[in-house]
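Peer 1: I have a structure here, written as structure tokens, and I will follow up with some questions on it.
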Amino acid sequence: MILALGLLTMTGAHLALAGVLAKHWPYIAAFIGYSVLVLSGALKIAFTTMTVPATIESDFRSTWEGMYEHNKFRLYHIERAYGCCGFMNATDHAVPKVCKKSPEFGYEEGCFQFLKHETQVQWARAFAWTMGAALAQLVLLGIGAFVYARAGNGLHLDDEQEEYAPQDPERGWFVPERQAEREFLQQQQAGSITPTTDAPAVATLQVAVPGPLTQSPDPPQLSVIPTGLPAESQDAPPQKGNGIKLPEQIVRSSHGLIDHFYRHRTEKAENGGRGSSGGGKQVLQDGQR
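Residue numbers (mature numbering (1 follows the signal peptide of the UniProt record, and there is no 0)): -18 to -1, 1 to 271.
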């Protein structure tokens, strides 16, 4: 019985180790089943030792008589160890026979009472060890159940699910309260949800540069087409001119720059091209300001 309990304990320990390493629930369930079997066997042994069977006297007598016939030397050592003589008294299969003839030898009591007391002590010690082991096993099972409850139901997650399972250092692999986040990550990985980014609005600045100044005295026209409009608004035919994409904050101040540049060119044409290259640099500096 004790050997069987030892084998069950070793098997359960291996199952528990495999279940923890593989994060597989059937291994954990098998370990719990084996633990229950070991615990029940240990309790059975413990409570059996609480009561002395009624056949203890007949069992000891048959053993004593067998050794008296075949191995008297062992009975001699028993009588010497406990200071007794014979089984029930000094005339009941006593070895050596002198103990029943000489009271000075000191062996006047039978050995059965000593053997019965020693058996009860041994059984009580076995009961204490067995109950201690059972209590330790119950504590370990409670600790394991507490750790598993803290970790949630993450033992069923496979490797693919662990890639997008929300992590929580306080509670383990998988947190049921964050199910919505997990489902969103699943849909995003499947491609059903396209992530959107809020990009700043960019406007298109188109400037119509005129030909010779004498043929087109009117100032150039400025048009702004925001690129953030719907697709049908952007399909309109582009206006004539060079397309320059600028942010809206630059476009707001571009009207004054273009007017200044146009006036400078007009004055230069009226003066017969007397403007120097230094004047052009000054205009560019003014425009930059």
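All residues carry an ideal CB built from backbone N, CA and C; glycine is no exception.
As the structure is a computational prediction, the values presented were derived from the model and not from experiment.
1. Within a Cβ cutoff of 7 Å, which residues of the same chain sit near Phe69, ignoring the five residues on either side of it in sequence?
2. From Gln119, Tyr58, Tyr89, Glu39, pick the residue whose C-alpha is nearest to that of His99; which is it?
3. If you compare alpha carbons, which of Cys67, Gly114, Ala116, Thr37 is closest to Tyr89?
4. On the DSSP letters alone, give me the boundaries of the alpha helix (DSSP H) that Tyr58 sits inside.
5. Out of curiosity, what's the CA-to-CA distance linking Ala24 and Ala115?
6. For Gln104, which residues from the same chain have a beta carbon less than 6 Å from its beta carbon, with the 5 sequence-adjacent residues on both sides left out?
7. In three-state terms, what does DSSP make of Pro78?
8. In its own chain, which residues sit with a C-beta less than 8 Å from the C-beta of Arg56, not counting the 5 before and 5 after it?
9. Could you name the residues of the same chain whose beta carbon sits closer than 6 Å to that of Lys54, not counting the 5 residues immediately before and after it, in chain order?
10. DSSP state of Met70, grouped into three classes?
11. Measure the CB-CB distance between Leu123 and Ser22 and report whether it falls below 7 Å.
12. Whole angstroms are fine: how far does the CA of Ala11 sit from the CA of Ala106?
13. So for Thr37, helix, strand or coil by DSSP?
14. I want to check one thing, is the minimum distance from the CB of Glu163 to the heavy atoms of the ligand COA below 6 Å?
15. Near Ile14, which residues of its chain fall below 8 Å by C-beta distance, leaving aside the five closest residues on each side in sequence?
16. Express the C-alpha separation of Leu97 and Tyr26 in angstroms, rounding to a whole number.
17. What does the alpha-carbon distance come out to for the pair Arg62 and Cys81?
18. Mark Ala72 as exposed unless 16 or more other C-beta atoms lie within 10 angstroms of its C-beta, in which case mark it buried.
19. Can you tell me whether DSSP reads Glu91 as helix, strand or coil?
20. To the nearest angstrom, report how far apart Asn253 and Arg245 are at their CA atoms.
21. Let me know the secondary structure DSSP gives Gly173 once reduced to three states.
Peer 2: Taking the definition as stated:
1. Arg43, Trp46, His75, Gly92, Cys93, Phe94
2. Glu39
3. Cys67
4. 54 to 64
5. 8 Å
6. none
7. coil
8. Met49
9. Answer for Lys54: Val77, listed in chain order.
10. coil
11. no
12. 33 Å
13. Assigned with DSSP and collapsed to three states, Thr37 falls in coil, not helix or strand.
14. Absence of the ligand COA is noted for the structure shown, with no ligands found whatsoever.
15. Leu123
16. Before going on, a small fix: residue 26 reads as Lys here, not Tyr. So the alpha carbons of these two residues sit roughly 24 Å apart.
17. When rounded, the distance between both Cα atoms is 11 Å.
18. buried
19. coil
20. Rounded to the nearest angstrom, the two C-alpha atoms are 12 Å apart.
21. coil
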